[in-house]
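Visitor: Next up is a structure, given as structure tokens.
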Ligand code: GLU
């Protein structure tokens, strides 16, 4: 019988959740959901010096925003908790003591000054830095003397000095390490806190993790973990390391390429659907060509084997394109709800709050085709909301027109529009096209004059629809104001 699939995302709360980390969580989650397995969130918070206040809450908020829900974790418990490593210190201590008793580990009393000096010397001699194993062979008396002197030891693993350690990685294949290149690493620090290696192994075993999925930077830790598994008599999990994210220039992903925290993407107006689709398809693909995939399709088709060994390229242009696609696919009610907080934040203060959601809903279809990010919406729709348009009246004069012809076009339009009994697209069309001809203008010229007059801008959504949403009163008022401004403009 095969073991149930249990995977964990095990972030250290040392900063923000970046796209690279999210990608690990996403592979874990997709693998669990595809196989009906369990996705666990475990917080690896044993490095107290690097802990950042609020990081756990922030990362949970990010995972929730993307819809990466966990089945066991710090906030909800589970059969294998607690899910904060800082609450599991006894377990690590017991494991370390057992390894010392078995002779697989030993107490090291070396002072940090000695270790620092040793490291400097090794670097100067161009040797790889590592512990020289001084305490590995202390006699009983020597050890007793150190203890009597009150020195608090660390616990180091007794790494075999020869031979090789290998493992099979689902993505990288067989990986082999020379044991002689690995030093006697610390498992338990003198303050009783474990290092990453010990805590990771103890917990992956205790939490019955079947597959360890994580970034390739952890490959070199695997032999150390395997030593501990073997010494404790545990079965190691299966390993899946995925390649690091890189920018289009193949350099390690940095802020310049867009490696910012996940929630910054939310605040920049990307949809969670976009981020989910986009991140899942960095370095994973269904068939090397499908770009748009829903959450359901990704769950149904996900397999670890299709994570590429290379090519985890983060392409910001593709992200923007994809966000536009997802924005266009939203139902208007949905787009309205998502746009509201961005409008609230982005529209000028002079616009009365709370915003009228019904009115926002009328405006949304007019810009849905054009917005690539939710943050762009306030600028696109501003003229629908503000009272005073502030623009250069010279803009009113359309191509190949004079100030006088423009004035006349505005005055006649104003008079005729006043008489309209219904102010809808059909009525405006029926009025304004023939009017252009009557005035000796091209339709485009008249529309351009009116567009500037009612919006203060030269590029906007379709004119008649825009005018209908603005409403008759506001359009007439704005045309009236445009006439006054244009009159002030010296001819
Ligand atoms: N705490 C490690 C990290 O921050 C976990 C690595 C692993 O998954 O083993 O990424």
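Residue numbers (the working numbering): 242 to 732. The C-beta atom is built at its ideal place from N, Cα and C for all residues, glycine as well. For clarity, every value in this text was computed on a predicted model and none was experimentally measured.
(1) Classify residue 595 as buried or exposed, calling it buried when 16 or more other Cβ atoms lie within 10 Å of its own Cβ.
(2) Go through its chain and collect everything with a Cβ distance to residue 657's Cβ below 7 Å, but skip five positions before and after it.
(3) Considering only C-alpha positions, which residue in the set 728, 702, 482 and 505 is nearest to residue 612?
(4) Find the nearest neighbour of residue 446 within the set 363, 474 and 460, judged by alpha-carbon distance.
(5) Please look up how many angstroms separate the CB atoms of residue 315 and residue 321, rounded, as I've assumed it's under 8 Å.
(6) Taking DSSP as the reference, what is the three-state secondary structure of residue 408?
(7) Indicate the three-state DSSP secondary structure (helix, strand or coil) for residue 351 in the structure shown.
(8) The alpha helix (DSSP H) with residue 428 in it runs from where to where?
(9) Over the uninterrupted alpha helix (DSSP H) stretch that includes residue 275, give me the two end residues.
(10) For residue 391, which of 381, 350, 363 and 406 has the nearest alpha-carbon?
(11) Could you say which of 638, 280 and 472 lies nearest to residue 454 if we only look at CA atoms?
(12) Determine the direct distance from the alpha carbon of residue 655 to that of residue 634, and round the result to whole angstroms.
(13) Please report how far the alpha carbon of residue 631 lies from the alpha carbon of residue 704, in whole angstroms.
(14) What do you reckon, are the CB atoms on residue 457 and residue 503 nearer than 8 Å?
(15) With 16 other CB atoms within 10 Å as the buried threshold, where does residue 381 fall?
(16) Take residue 660 as the anchor and find which of 691, 622 and 717 has the nearest alpha-carbon.
(17) Considering Cα atoms alone, identify which of 423, 430 and 414 is closest to residue 405.
(18) Quick one: which unbroken alpha helix (DSSP H) runs of 4-plus residues sit fully inside the region 672–704? Chain order, please.
(19) Quick one: what's got a C-beta closer than 6 Å to residue 394's C-beta in the same chain, skipping five residues either side?
(20) Pick out whichever of 339, 355, 468 and 538 has its Cα sitting closest to the Cα of residue 734.
(21) Going straight from the alpha carbon of residue 706 to that of residue 641, what length do you get?
(22) Confirm the yes/no value for this check: CB of residue 251, any heavy atom of ligand 1, distance under 7 Å.
(23) With 8 Å set as the bound, which would you pick, yes or no: does the beta-carbon of residue 576 sit closer than that to a beta-carbon of chain D?
(24) For residue 542, which of 553, 549 and 525 has the nearest alpha-carbon?
(25) According to DSSP, what are the bridge partners of residue 313?
(26) With residue 463 as the anchor, note down where its alpha helix (DSSP H) starts and where it stops.
(27) For residue 479, write down the residues that DSSP places opposite it in a beta bridge.
(28) Let me know the secondary structure DSSP gives residue 362 once reduced to three states.
(29) What's the gap between the Cα of residue 336 and the Cα of residue 442?
Guide: According to the structure shown:
(1) The residue in question, residue 595, is exposed, as its Cβ has fewer than 16 Cβ neighbours within 10 Å.
(2) The beta carbon of residue 657 is closer than 7 Å to those of 672 and 676 in its chain, skipping five residues each way along the sequence.
(3) Closest by alpha carbon: 702.
(4) Nearest of 363, 474 and 460 to residue 446, Cα basis: 474.
(5) The distance from the Cβ of residue 315 to that of residue 321 is about 12 Å, inconsistent with a contact at the 8 Å cut-off.
(6) Strand at residue 408.
(7) If DSSP states are grouped into helix, strand and coil, residue 351 belongs with coil.
(8) For residue 428, there is no enclosing alpha helix (DSSP H); the enclosing beta strand (DSSP E) has its first and last residue at 427–429.
(9) Per DSSP, residue 275 belongs to the alpha helix (DSSP H) from 260–276.
(10) For the residues 381, 350, 363 and 406, the minimum Cα distance to residue 391 belongs to 350.
(11) By alpha-carbon distance to residue 454, the top candidate from 638, 280 and 472 is 280.
(12) For residue 634 and residue 655, the distance between alpha carbons rounds to 17 Å.
(13) Distance from the CA of residue 631 to the CA of residue 704, rounded to the nearest whole angstrom, comes to 19 Å.
(14) Going by C-beta atoms, residue 457 is not nearer than 8 Å to residue 503.
(15) Residue 381 is classed as exposed because its beta carbon has fewer than 16 other beta carbons within 10 Å across all chains shown.
(16) If we check each option's Cα against that of residue 660, 717 comes out closest.
(17) Comparing Cα positions, the closest option is 423.
(18) Taking only runs of at least 4 residues, the alpha helix (DSSP H) segments lying wholly in the region 672–704 are 684–696.
(19) Listed in chain order, the non-local C-beta contacts of residue 394 below 6 Å within the same chain comprise 348, 349 and 350, local neighbours out to five positions each way being set aside.
(20) Residue 734 lies beyond the stretch modelled for the chain, which goes from 242 to 732, so this question has no answer here.
(21) Using only the alpha carbons, I get a separation of about 26 Å.
(22) Checking every heavy atom of ligand 1 against the Cβ of residue 251, one is found closer than 7 Å.
(23) Note that chain D does not occur in the displayed structure, where there is just one protein chain.
(24) The candidate whose alpha carbon is nearest that of residue 542 is 525.
(25) DSSP lists 281 as partners of residue 313.
(26) It spans 463–473 - the alpha helix (DSSP H) in which residue 463 sits, taken as one unbroken run.
(27) As DSSP reads the structure, residue 479 sits in a beta bridge with 452.
(28) Of the three classes helix, strand and coil, the one that applies to residue 362 here is helix, per DSSP.
(29) About 10 Å.
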